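Here the protein sequences come in this chain order: G and X. Residue numbers in the first sequence follow this note's numbering, run continuously in steps of one, and reach 411 at the last position. Residue numbers in the second sequence follow this note's numbering, run continuously in steps of one, and reach 411 at the last position. The beta-carbon is built from N, C-alpha and C at its ideal position, and this holds for glycine as well. Because the structure is a prediction, the values reported are computed rather than measured.
2 protein chains.
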Amino acid sequence: MNETPKSLRLHIGIYGRRNVGKSSLLNALAGQQVSIVSDTPGTTTDPVEKTLELAPLGPVVFIDTAGIDDVGALGELRKERTLKALERTDVALLAVEPGQWGEYEDFFVGQLRERNIPFGVVFGKCDLAAPSAGQLCGLDKDGIRWMSVSAMTGKGMGQVREALAALAPEHWFAEPRLLGDLLPAGELAVLVVPIDLGAPKGRLILPQVQAIRDILDSDASCMVVKERELASALARLNKKTALVVCDSQIVLKAVADTPPDIPLTTFSILMARFKGDLAAFARGAAAIDQLQPGDAVLVSEACGHHPSADDIGRVKIPRWLRQYAGGDIRVDNLSGRDFPDDLSPYKLIIHCGACTFNRQSMLARLGRAHEQGIPMTNYGLAISHVQGVLRRVLEPFPAALTAFDAVSQA
Amino acid sequence: MNETPKSLRLHIGIYGRRNVGKSSLLNALAGQQVSIVSDTPGTTTDPVEKTLELAPLGPVVFIDTAGIDDVGALGELRKERTLKALERTDVALLAVEPGQWGEYEDFFVGQLRERNIPFGVVFGKCDLAAPSAGQLCGLDKDGIRWMSVSAMTGKGMGQVREALAALAPEHWFAEPRLLGDLLPAGELAVLVVPIDLGAPKGRLILPQVQAIRDILDSDASCMVVKERELASALARLNKKTALVVCDSQIVLKAVADTPPDIPLTTFSILMARFKGDLAAFARGAAAIDQLQPGDAVLVSEACGHHPSADDIGRVKIPRWLRQYAGGDIRVDNLSGRDFPDDLSPYKLIIHCGACTFNRQSMLARLGRAHEQGIPMTNYGLAISHVQGVLRRVLEPFPAALTAFDAVSQA
Chain G
2 MNETPKSLRL HIGIYGRRNV GKSSLLNALA GQQVSIVSDT PGTTTDPVEK
52 TLELAPLGPV VFIDTAGIDD VGALGELRKE RTLKALERTD VALLAVEPGQ
102 WGEYEDFFVG QLRERNIPFG VVFGKCDLAA PSAGQLCGLD KDGIRWMSVS
152 AMTGKGMGQV REALAALAPE HWFAEPRLLG DLLPAGELAV LVVPIDLGAP
202 KGRLILPQVQ AIRDILDSDA SCMVVKEREL ASALARLNKK TALVVCDSQI
252 VLKAVADTPP DIPLTTFSIL MARFKGDLAA FARGAAAIDQ LQPGDAVLVS
302 EACGHHPSAD DIGRVKIPRW LRQYAGGDIR VDNLSGRDFP DDLSPYKLII
352 HCGACTFNRQ SMLARLGRAH EQGIPMTNYG LAISHVQGVL RRVLEPFPAA
402 LTAFDAVSQA
Chain X
2 MNETPKSLRL HIGIYGRRNV GKSSLLNALA GQQVSIVSDT PGTTTDPVEK
52 TLELAPLGPV VFIDTAGIDD VGALGELRKE RTLKALERTD VALLAVEPGQ
102 WGEYEDFFVG QLRERNIPFG VVFGKCDLAA PSAGQLCGLD KDGIRWMSVS
152 AMTGKGMGQV REALAALAPE HWFAEPRLLG DLLPAGELAV LVVPIDLGAP
202 KGRLILPQVQ AIRDILDSDA SCMVVKEREL ASALARLNKK TALVVCDSQI
252 VLKAVADTPP DIPLTTFSIL MARFKGDLAA FARGAAAIDQ LQPGDAVLVS
302 EACGHHPSAD DIGRVKIPRW LRQYAGGDIR VDNLSGRDFP DDLSPYKLII
352 HCGACTFNRQ SMLARLGRAH EQGIPMTNYG LAISHVQGVL RRVLEPFPAA
402 LTAFDAVSQA
């Protein structure tokens, strides 16, 4: 629990045919490290994920996928999950046996290129048969980075680690900040954090912890209060606070208690910016105005949690949408990795804050929605919009506010 | 990661002979619940732990132990681990087959009574053979609570859940607070949180998160600052803060920057109070004064983390102890569940804050140290003491301060 959350780790996918040594490659990479932190046991179809610290990259997740040449009914399902894993892959390794390059590899390199995923090709089992220059030059011509390794002897593993560092996307080393960039060093933010009755004992939710940490990393500081204490907390400060951040569920109270000259935003807006594209989500929120009775909306959640009686995605948002549209709106709830390829039945997608997903996964979903012309927003932006205060909480982000206004006034 | 930490869950141990249906009992209890949260895969010898929400108790951990009648070399090891699991058990269930009560059960009831662990006896497999009144009356006489269940049919599981709630120690329902009791509603605490270079990305350590949450649960609020910002944070407040809590590693800076009329303590002191017995730990810290060159000290850590170059337990504390004693001190480092039965080689035990252990585990270790007359303290108290500021940070706890002074001035 004192580990880096999976969603903030570089996702490295290991792909290749069956029995080409994908798991051995992973184990050889991990084996040089003492700190394999946890294994998420896969089902028969889901890829296994392993989190570890990998020098010089830092915290990573390896996604150990099924063979892309898997066969049979279950094999087809595994193959589908393997392709789905591409959506969260920041960097890919394609494992190949010397002399084995063929249609599967061509297909896969095509997939990786189409998605702009940086990748390297690893010739495994080189203790058995080292690849000849002839086998490799076709790859070299295309500018593909290839490595020759033996998982058995450990040969070449240093090279793979260095290659991964070189392939990692730039944003990995200069990641977007959750909110630290909004706070000059020495400034103070006030975080308004409601505690639900059902909140797990002894915990804060991940976006709150991430926010506190990011503020400290910026040499700024913060005050953490429940919504009832916001007004008195602001009154305790003898210098104006630089920013108030509130949970979307109590945004009306926060707007009421925060003087208009203090910037105010929500954790959901910060997450939309951090995990995806805030301007796109602001346009998506404005699209709520266009919903008509009879329309369908997809409500998508990253973690398949146990729904509560007054669940946001299943109860509150559908109710608000229906009130707003003045008639029935069909709401489909999906959770986890389920996200349809065909989004055309929907007029709008409302996604959770995705604190358990990495940025790449959210960008993949946003990209699919964009291609199909379906607006997408997140829970918190939708809540702020139906309550009439989204402009107030978007003010700290002028580009997103402009994007919102463009759709809203259209 | 949004779950209740294991250390804050009620630990329910399931004991009994091999094949008596311990795992089936656990599965039947868990199966009625939808939310099995995670399985910690055991090694061949370690008990498996399952965390879940169990009405009406809330967050629990089930410890699924090996049979107490296990045989062979590995069996002996498993049996040893099973007995070790008693140390973290808040409530025990002893699974028995009807007609099978014998020496193992007598031995185990003796163990549970010796340790004052509340327990119930579960006659499993009652779909196969219901126990007769005669088989049970011996137990009834001793005031043991027994239940008759069938894991197969689910019969009696409601009774077991109710029994667990009735057996749970009082402190489970009125747990000691980490610090909420020190802060009246509406008050403000300042938390001083250094961020190590090596700190996991996007995270705060558990005691910090627990402190923030406990403050909010008390309708109080807090300011979270790094040590460099403490003075300016205090200057921003137009009303005196009720409490400053700092990380032990920067206690000297916090003492320097906190006006003497503001109560100041450390996260380590709060953890000592929450997980164990602060007065005992204060006496243990004072015992550092009695260390002589050539003495041995046990440094014990709850989690077997990867030691860093300037590790507290392996590098900093040994160095300080040697400086303090003016000569060589032998330091033995142990981590995880390793804690020797015989503590007599040691003049002192210094334990980590134990944020990953439950209170019961720490009380078991403190109890063993107490029985053998070995003083015990924790990292943070030791650090504050060798830096000469322990009295200042113990001031909010008069009984502990008195305990410290009694040994210190002896």
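Identity of the residue in the options nearest residue i by Cα
i              : options                           : result
residue 227(G) : 239(X), 214(X), 155(X) and 234(X) : 214(X)
residue 53(X)  : 6(X), 83(X), 16(X) and 339(X)     : 6(X)
residue 245(G) : 365(G), 318(G), 69(G) and 181(G)  : 181(G)
residue 283(G) : 102(G), 383(G), 326(G) and 31(G)  : 383(G)
residue 280(G) : 24(G), 345(G) and 400(G)          : 400(G)
residue 102(G) : 112(G), 113(G), 123(G) and 271(G) : 123(G)
residue 146(X) : 164(X), 367(X) and 262(X)         : 164(X)
residue 389(X) : 397(X), 320(X) and 256(X)         : 256(X)
residue 235(X) : 293(X), 263(X) and 106(X)         : 263(X)
residue 121(G) : 354(G), 325(G), 191(G) and 158(G) : 158(G)
residue 271(X) : 69(X), 117(X), 354(X) and 61(X)   : 354(X)
CB contact check: residue i to chain G, cutoff 7 Å
i              : result
residue 391(X) : no
residue 232(X) : no
residue 213(X) : yes
residue 277(X) : no
residue 60(X)  : yes
residue 94(X)  : no
residue 240(X) : yes
residue 217(X) : yes
residue 205(X) : yes
residue 9(X)   : yes
Secondary structure of residue i, DSSP reduced to three states
i              : result
residue 17(X)  : strand
residue 194(X) : coil
residue 51(X)  : strand
residue 348(G) : coil
residue 27(X)  : helix
residue 58(X)  : coil
residue 142(X) : Its pLDDT being 46, under 50, residue 142(X) is placed unreliably by the model, and the measurement read from it follows with that caveat. DSSP places residue 142(X) in helix when its eight states are reduced to three.
residue 368(X) : helix
residue 297(G) : strand
residue 64(G)  : strand
residue 267(X) : strand
Own chain residues within Cβ distance below 6 Å of residue i, not counting five before or after
i              : result
residue 209(G) : 194
residue 20(G)  : none
residue 259(X) : 245 and 265
residue 287(X) : 405, 408 and 409
residue 362(X) : 88 and 89
residue 72(G)  : none
residue 296(G) : 330 and 348
residue 333(G) : 299
residue 326(G) : 292 and 294
Other residues of its chain near residue i: CB distance less than 8 Å, five sequence neighbours each side excluded
i              : result
residue 220(X) : 186 and 187
residue 337(G) : 302, 303, 304 and 305
residue 358(X) : 8, 89, 276 and 303
residue 369(X) : 340, 342 and 344
residue 218(X) : 181
Cutoff 7 Å: residue i Cβ touching any chain X Cβ
i              : result
residue 6(G)   : yes
residue 417(G) : Lying outside 2 to 411, the shown extent of chain G, residue 417(G) is not represented and no answer is given.
residue 165(G) : no
residue 223(G) : yes
residue 313(G) : no
residue 196(G) : yes
residue 237(G) : yes
residue 202(G) : yes
residue 460(G) : A question about residue 460(G) goes unanswered here, because the residues of chain G that appear run from 2 up to 411.
residue 210(G) : yes
Any non-hydrogen atom of the ligand MG closer than 6 Å to residue i Cβ
i              : result
residue 210(G) : Inclusion of the ligand MG in the displayed structure is not the case, the ligand content being empty and no account of it being possible.
Neighbourhood of residue i by C-beta, 7 Å cutoff - its chain only, sequence neighbours within 5 removed
i              : result
residue 385(G) : 249, 252, 267, 391 and 394
residue 278(G) : 367
residue 396(G) : 264 and 402
Taking only beta carbons into account, state which residues of the stretch 18 to 32 of chain G come closer than 9 Å to chain X, listed in chain order.
-> none
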